[in-house]
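Asker: Sequences listed follow chains X and H, in order. Final position of the first sequence in our numbering is 332; the numbers increase by one with none missing. Final position of the second sequence in our numbering is 31; the numbers increase by one with none missing. Here a beta-carbon is modelled for each residue, glycine too, at the ideal position from N, C-alpha and C. Let me begin by handing over the structure; questions about it come next.
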Amino acid sequence: DSCIQFTRHASDVLLNLNRLRSRDILTDVIIVVNREHFRAHKTVLMACSGLFYSIFTDQMKCNLNIINLDPEINPEGFQILLDFMYTSRLSLRETSIMAVMNAALYLQMEHVVDTCQRFLKASEE
Amino acid sequence: YDGVTTIKEMGRSVHEIPRQD
Numbered sequence: 208d209s210c211i212q213f214t215r216h217a218s219d220v221l222l223n224l225n226r227l228r229s230r231d232i233l234t235d236v237i238i239v240v241n242r243e244h245f246r247a248h249k250t251v252l253m254a255c256s257g258l259f260y261s262i263f264t265d266q267m268k269c270n271l272n273i274i275n276l277d278p279e280i281n282p283e284g285f286q287i288l289l290d291f292m293y294t295s296r297l298s299l300r301e302t303s304i305m306a307v308m309n310a311a312l313y314l315q316m317e318h319v320v321d322t323c324q325r326f327l328k329a330s331e332e
Numbered sequence: 011y012d013g014v015t016t017i018k019e020m021g022r023s024v025h026e027i028p029r030q031d
């Protein structure tokens with residue numbers, strides 16, 4: 208017996224999901240962050256964020272298709288995290304890293320928070 | 011897949027969805 212492992216399958220599928228997002232195909236939720244709107248797929252959001260997982264597994268909330276985030280969350284920080292969810296690449300700039308970390312904490316994306324903290328610490332050193 | 015020979019395929023695994031139709 209043998210099997211073939213396609214080593215780039217995860218990135219090929221993720222690229223296709225991002226193409227679907229950019230063409231607004233089968234997106235099923237709008238995330239509102241301080242009046243800015245971001246369309247996305249609930250399944251991708253809940254696969255990446257503890258907060259979205261708890262929202263979309265809650266019988267009372269799973270059919271919501273507009274979600275307003277806490278007004279404290281910065282739209283740019285959220286946008287960077289949304290792009291990360293669909294590309295695995297997290298854009299880190301001096302001017303936005305705190306907004307990204309704050310949004311990641313709120314979205315319960317602990318691994319991103321830890322990585323940002325290590326990046327910050329390393330850049331201070 | 012214990013005990014099964016795994017052959018790694020580095021090429022594309024699925025079709026690529028175009029940026030637009």
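Could you tell me the alpha carbon to alpha carbon distance between S298 (chain X) and M316 (chain X), rounded to whole angstroms?
Answerer: As a position in the first sequence, residue 298 (chain X) is number 91, starting the count at 1. As a position in the first sequence, residue 316 (chain X) is number 109, starting the count at 1. Taking the straight line from one Cα to the other gives about 15 Å.
Asker: Taking only beta-carbon atoms, is Q212 (chain X) less than 8 Å away from chain H?
Answerer: Along the first sequence, one-based indexing puts residue 212 (chain X) at 5. Output row for Q212 (chain X): interface = yes.
Asker: Is V236 (chain X) closer than 8 Å to L221 (chain X) when the C-beta atoms are compared?
Answerer: For the purposes of this step, residue 221 (chain X) is taken as residue 14 along the first sequence, with counting starting at 1. For the purposes of this step, residue 236 (chain X) is taken as residue 29 along the first sequence, with counting starting at 1. Taking 8 Å as the Cβ cut-off, L221 (chain X) and V236 (chain X) do not qualify as a contacting pair.
Asker: Evaluate C210 (chain X) with the Cβ neighbour count: other Cβ atoms within 10 Å of its Cβ, from every protein chain shown; 16 or more gives buried, anything less gives exposed.
Answerer: For the purposes of this step, residue 210 (chain X) is taken as the residue at position 3 of the first sequence. By the 10 Å Cβ count, C210 (chain X) comes out exposed.
Asker: Going straight from the alpha carbon of I17 (chain H) to that of T214 (chain X), what length do you get?
Answerer: Counting from 1 along the second sequence, the entry for residue 17 (chain H) is found at position 7. Counting from 1 along the first sequence, the entry for residue 214 (chain X) is found at position 7. Approximately 10 Å, taken between the alpha carbons.
Asker: Quick check: what's the CA-CA separation for A247 (chain X) versus V14 (chain H)?
Answerer: As a position in the first sequence, residue 247 (chain X) is number 40, starting the count at 1. As a position in the second sequence, residue 14 (chain H) is number 4, starting the count at 1. When rounded, the distance between both Cα atoms is 38 Å.
Asker: Can you tell which of X:E283, X:E332, X:L327 and X:M308 has the C-alpha that lies nearest to the C-alpha of E238 (chain X)?
Answerer: The residue you call residue 238 (chain X) lines up with position 31 of the first sequence. Residue identity check: residue 238 (chain X) is Ile in the sequence provided, not Glu. It is X:E283 whose Cα lies nearest to the Cα of I238 (chain X).
Asker: What's the gap between the Cα of R300 (chain X) and the Cα of A254 (chain X)?
Answerer: Here residue 300 (chain X) refers to the residue found at position 93 of the first sequence. Here residue 254 (chain X) refers to the residue found at position 47 of the first sequence. Taking the straight line from one Cα to the other gives about 25 Å.
Asker: Start and end of the beta strand (DSSP E) containing H244 (chain X)?
Answerer: As a first step, residue 244 (chain X) must be located in the first sequence, where it is residue number 37. Here the beta strand (DSSP E) through H244 (chain X) covers E243 to A247.
Asker: Scan the stretch 245-282 of chain X and note each continuous beta strand (DSSP E) run of 3 residues or more that stays entirely inside, going in chain order.
Answerer: If we require 3 residues or more, the beta strand (DSSP E) runs fully inside the stretch 245-282 of chain X come out as 273-275.
Asker: Quick one, which of X:V320, X:V240, X:D231 and X:R242 has its alpha-carbon nearest G257 (chain X)'s?
Answerer: As a first step, residue 257 (chain X) is located in the first sequence; it is residue number 50 there, counting from the start. Selected option, being the one with the closest Cα: X:V320.
Asker: So what does T16 (chain H) bridge to, in DSSP terms?
Answerer: Position 6 of the second sequence, counted from the start, is the residue given in the question as residue 16 (chain H). X:C210.
Asker: If you reduce the DSSP assignment to three classes, tell me which class V320 (chain X) lands in.
Answerer: For the purposes of this step, residue 320 (chain X) is taken as the residue at position 113 of the first sequence. Of the three classes helix, strand and coil, the one that applies to V320 (chain X) here is helix, per DSSP.
Asker: Does the beta carbon of S295 (chain X) come closer than 8 Å to any beta carbon on chain H?
Answerer: Against the first sequence, residue 295 (chain X) aligns to sequence position 88. By this cut-off, S295 (chain X) is not an interface position.
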